[in-house]
Amino acid sequence: MVTASATETQASRQARRTPTGRMTKSRLAVVLLSPTMACLALVVGYPVISAVRLAFQMQSQHIDKTTGYLTTTTSFGLGNFTDALTGDQASRFVNAFWNTTTFTVVSVGIETVIGVAMALVMHQAVRGRALVRAAILVPWAIPTAISGLLWRWVFASDGIANSLLNAHVLWTADGFPAWCAVIIADSWKTAPFIGLLVLAGLQTIPAEVYEAARLDGATGWKSFSRITLPLVRPVLVVAVLFRLLDVLRMFDLPYVLIGPRKGSVETLTMIAVDEMQNLHFGAASAYAVVLFLYIAAVVTVFVSVLGADVLGASGRKRPVR
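Numbering (my numbering), first residue to last: 1 to 321.
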């Protein structure tokens, strides 16, 4: 005999399956998400639209023949972008674009290798594992500006780096040593981030999988390449994606460690800030828009090629029953 509560539950389920029930849930979702979307539109959408508008805005100053005063004329066009690509600032823009790209490729590659190694070390069941994990994560906890100052002391002319190498290298001056100094400092600071995410992925792998592989005669390398890497690949891809986003907009570390207007380490973010400090807001916005499009292109290619599950399993479409 069917009780009244069971009948009500079945009726409510049937109502949710009907178009009216689904519409009600959709309206409820819109109502609940509307405050968050309004905040995002205010703090993200409006600044982006303003920056794009300012990137196309050009100002020219001239003396009015009638009054003799200096007047400013505002117009809209592609002048800021053409000046960055073909004008007097073209060589500086190309150099900053190259530095941004090389920092991203080299730094993220080194951090990925070191981060995976750190995760494997932290995952081992050895005595003092908690202390090892805490020591590895210390660089990630240090603010970037403080980290830049610490490494500036290390790379000073009479610092630890030259003492260990028994050489006299001007690390904090302009040139290839400065580029290497930024790579070393950034890898030291952010490799633990990748290691922490990969460690979380390692802890989800059942121990029985490795035990079965050992019984089948698999070596350590085969277990790593055939079991560990494929199973932590989703986590590793997302971690690398986050690091790509960080390095592409790098500013504070080379600015503190090496200094502004140094051609070997100047990035797109640094020249945008420099133009803004010189009150060239249109040019600064143009550089910011170019960087935004560059990041969007890199992320799109990265996600489409490697298949990063940014939305997670909840973002996948479920089959309709």
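A virtual CB, placed ideally from N, CA and C, is assigned to each residue, including glycine.
Source: prediction; values computed, not measured.
Chain-order list of residues whose beta-carbon lies under 6 Å from that of Leu33 (same chain, five-residue window excluded): Within the same chain, and ignoring the five residues on either side of Leu33 in sequence, no residue has its Cβ closer than 6 Å to its Cβ.
query: Curious, which full-length alpha helix (DSSP H) runs of at least 4 residues does the region 221 to 293 contain?
result: 229 to 248, 252 to 257, 268 to 277
task: Quick one: using the 10 Å Cβ neighbour count with 16 as the cut-off for buried, is Arg321 buried or exposed?
output: Bear in mind that the predicted position of Arg321 carries a pLDDT of just 42, short of 50, making it too unreliable to give a figure here.
message: Tell me the residue span of the alpha helix (DSSP H) that contains Arg332.
response: Lying before the first or after the last residue shown, residue 332 is absent from the chain, which here runs from 1 to 321.
task: With Thr112 as the anchor, note down where its alpha helix (DSSP H) starts and where it stops.
output: Per DSSP, Thr112 belongs to the alpha helix (DSSP H) from 90 to 123.
query: Whose C-beta lies closer than 7 Å to the C-beta of Val265 among residues of the same chain, with five residues either side of it excluded?
result: Asn99, Ala178, Trp179, Val182, Pro254, Ile258
- request: Report all residues from its chain with a CB closer than 8 Å to the CB of Arg129; omit the five preceding and five following residues, and keep chain order.
  value: Met122
Assumed close pair Leu291, Val235 - CB separation to whole angstroms, cut-off 8 Å: At roughly 27 Å, the Cβ-Cβ gap does not stay under 8 Å, so Leu291 and Val235 are not in contact.
query: At what residues does the alpha helix (DSSP H) containing Asn166 begin and finish?
result: Neither: Asn166 is in no alpha helix (DSSP H) and is coded neither H nor E.
- request: Could you say if the region 203 to 211 and the region 130 to 145 meet the contact criterion of at least three C-beta pairs nearer than 8 Å?
  value: no
message: On the criterion of 16 or more Cβ atoms from any shown chain inside 10 Å, does Met1 qualify as buried, or is it exposed?
response: Bear in mind that the predicted position of Met1 carries a pLDDT of just 45, short of 50, making it too unreliable to give a figure here.
- prompt: Who are the Cβ neighbours of Lys262 in its own chain at under 7 Å, not counting the five residues just before and after it?
  reply: Excluding residues within five positions, the ones whose Cβ falls inside 7 Å are Asp174, Ala178.
message: Taking the alpha helix (DSSP H) that Asp186 belongs to, which residues open and close that run?
response: 176 to 202
Contact under 8 Å by Cβ, Thr190 with Glu275: no
Where Ile63 falls: helix, strand or coil (DSSP): Here Ile63 sits in strand by DSSP.
Span of the alpha helix (DSSP H), counted from its first residue to its last, around Trp140: 129 to 141
- request: Answer yes or no: do Phe103 and Thr267 have a C-beta to C-beta separation smaller than 8 Å?
  value: In contact: Phe103 and Thr267 (Cβ atoms closer than 8 Å).
task: Pick out whichever of Val44, Phe93, Val30, Tyr294 has its Cα sitting closest to the Cα of Ile271.
output: Comparing Cα positions, the closest option is Phe93.
message: Just to confirm, is the Cβ distance from Leu137 to Val256 under 8 Å?
response: no
message: Taking the alpha carbon of Phe193 as the reference point, which residue from Ile63, Arg243, Phe224 has its own alpha carbon closest?
response: Arg243
- request: Just the C-alpha distance for Gly45 and Met37, rounded to the nearest angstrom, thanks.
  value: 10 Å
C-alpha distance - Asp83 paired with Arg27, whole-angstrom precision: 48 Å
- request: Tell me whether Phe76 sits in a helix, a strand or coil according to DSSP, three-state version.
  value: strand
message: Rounded to whole angstroms, what is the Cα-Cα separation between Val303 and Gly201?
response: 19 Å
task: Note down the Cα distance separating Ile160 from Ala96, rounded to an integer number of angstroms.
output: 29 Å
query: Sorry if obvious, but does the Cβ on Ala191 come closer than 7 Å to a heavy atom of the ligand ADP?
result: In the structure shown, the ligand ADP is absent, as is every other ligand, since no ligand is present at all.
message: Taking its Cβ as the centre, do 16 or more other Cβ atoms sit within 10 Å of Trp153, making it buried, or is it exposed?
response: exposed
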